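Please read the structure below before turning to the comments.
In the UniProt record's numbering, the protein residues as written are 1 to 153.
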């Protein structure tokens with residue numbers, strides 16, 4: 001990773017629809033060299049995909065819930081069932097295995113409390129969940145998909 005790759009990634013994180021020629025001009029490379037670098041970054045897995053960022057409010061999923069889950073099951077079989085269940089729930093947009101008092105943290109998006117209750121009822125059907133605590137976001141202060149690139153050089 002060099003300063004050109006870093007600059008390319010910075011531009012793509014902000015707007016992945018920019019044409020290669022425009023990116024190349026911005027970073028001081030020729031179009032072919034820039035295209036090759038983008039291809040290499042994709043092959044290396046640094047660029048995992050290109051997506052459109054959607055507006056939750058316009059899609060009627062403006063309620064964000066953070067759910068902390070505790071379990072008394074710490075084995076591969078339960079973990080597999082948990083992963084399978086999470087994969088079936090489109091409302092769960094992020095899921096992390098945690099260190100500390102909470103075993104898993106979920107970010108869930110729904111239209112309203114009733115929508116969350118439906119997700120909650122699906123989650124608690126999985127035996128081994130001993131506690132599920134939920135917090136509703138009142139305001140989103142910051143949300144970005146852009147990763148800091150200053151650690152790459």
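We treat Cβ as the ideally placed atom computed from N, Cα and C, and that holds for glycine.
Remember, it's a predicted structure, so these values are computed and weren't measured experimentally.
Residue-level contact to chain C via CB, residue 24, 8 Å cutoff: Among the chains of the structure shown, chain C does not appear; only one protein chain is present.
Close Cβ partners of residue 132 (< 8 Å) along its chain, the five nearest in sequence each way excluded: Mapped onto the chain shown, residue 132 falls at position 132. Excluding residues within five positions, the ones whose Cβ falls inside 8 Å are 67, 68, 69, 70, 120, 123, 124.
Residue 31 (DSSP reduced to helix, strand or coil): Here residue 31 refers to the residue found at position 31 of the chain shown. Here residue 31 sits in helix by DSSP.
C-beta atoms of residue 31 and residue 21 nearer than 8 Å: Looking up residue 31 in the chain shown gives position 31. Looking up residue 21 in the chain shown gives position 21. Yes, the pair counts as a contact, with Cβ atoms nearer than the cut-off.
Per-residue DSSP class, three states only, for residue 101: Residue mapping note: residue 101 aligns to position 101 of the chain shown, counting from 1. Coil.
Same chain only: Cβ atoms within 6 Å of residue 62, ignoring 5 sequence neighbours per side: Stepping through the chain shown from its first residue, residue 62 is reached at position 62. The answer, listed in chain order, is 56.
Environment of residue 92 [buried if 16+ CB atoms lie within 10 Å]: As a first step, residue 92 must be located in the chain shown, where it is residue number 92. The residue in question, residue 92, is buried, as its Cβ has 16 or more Cβ neighbours within 10 Å.
Contiguous alpha helix (DSSP H) assignments of at least 4 residues, all confined to the UniProt domain "HTH asnC-type" (1-62): 3-14, 20-27, 31-43
Neighbourhood of residue 128 by C-beta, 7 Å cutoff - its chain only, sequence neighbours within 5 removed: Here residue 128 refers to the residue found at position 128 of the chain shown. Closer than 7 Å at Cβ, skipping near neighbours: 71, 72, 73, 78.
Residues bridged to residue 191 [DSSP beta-bridge criterion]: Nothing can be reported for residue 191, as the shown portion of the chain is limited to 1 through 153.
Residue range of the alpha helix (DSSP H) that includes residue 113: For the purposes of this step, residue 113 is taken as the residue at position 113 of the chain shown. Run containing residue 113: 113-123, per the alpha helix (DSSP H) assignment.
Reference residue 53, options 76, 37, 35, 16, closest by Cα: By 1-based counting over the chain shown, the position of residue 53 is 53. When each option's Cα is compared against that of residue 53, the closest is 16.
Among 103, 37, 100, 138, nearest to residue 112 - alpha-carbon criterion: Counted from its first residue, the chain shown places residue 112 at position 112. Closest by alpha carbon: 138.
Within 8 Å, strictly: CB atoms of residue 104 and residue 65: Taking the chain shown and counting its residues from 1, the one referred to as residue 104 is at position 104. Taking the chain shown and counting its residues from 1, the one referred to as residue 65 is at position 65. Not closer than 8 Å, so no.
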